[in-house]
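Novice:
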Amino acid sequence: MGIRATIVIDESNMEKLRNLQSKMIRTSTKSISFSNVVNQVIEEGLKRFKP
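Residue numbering for the sequence shown follows the numbering used here, starting at 4 and increasing by one per position.
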């Protein structure tokens with residue numbers, strides 16, 4: 004279980020995330036939550052940064 008956080012996402016990024024979620028739902032047999040999509044995008048994005 005993760006930590007609950009409140010963030011502000013601008014409208015264009017929200018639309019992109021929802022579209023990605025929709026695509027993932029169409030290609031999966033499982034339910035895909037919005038939180039799951041956001042966490043996957045963050046994880047992939049963080050791979051670009053080195054500590």
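No residue lacks a Cβ here, since even glycine has one placed at the ideal position from N, Cα and C. This structure is a prediction, so every number in the text was calculated from the model and none was measured.
#1: By DSSP, does Lys53 sit in helix, in strand, or in coil?
#2: Mind reading off the beta-carbon distance from Ile28 to Ile35? Whole number of angstroms is fine, and I expect it under 8 Å.
#3: Reducing DSSP to helix, strand and coil, say where Arg29 ends up.
#4: Going by beta carbon distance, what residues of the same chain come within less than 7 Å of Gln24, once the five residues before and after it are set aside?
#5: Among Met17, Asn42 and Lys26, which has the Cα closest to the Cα of Arg1?
Specialist: Judging by the given coordinates:
#1: coil
#2: 5 Å
#3: helix
#4: Ile35, Phe37 and Val40
#5: Residue 1 lies beyond the residue range present for the chain, which begins at 4 and ends at 54; the question has no answer from this structure.
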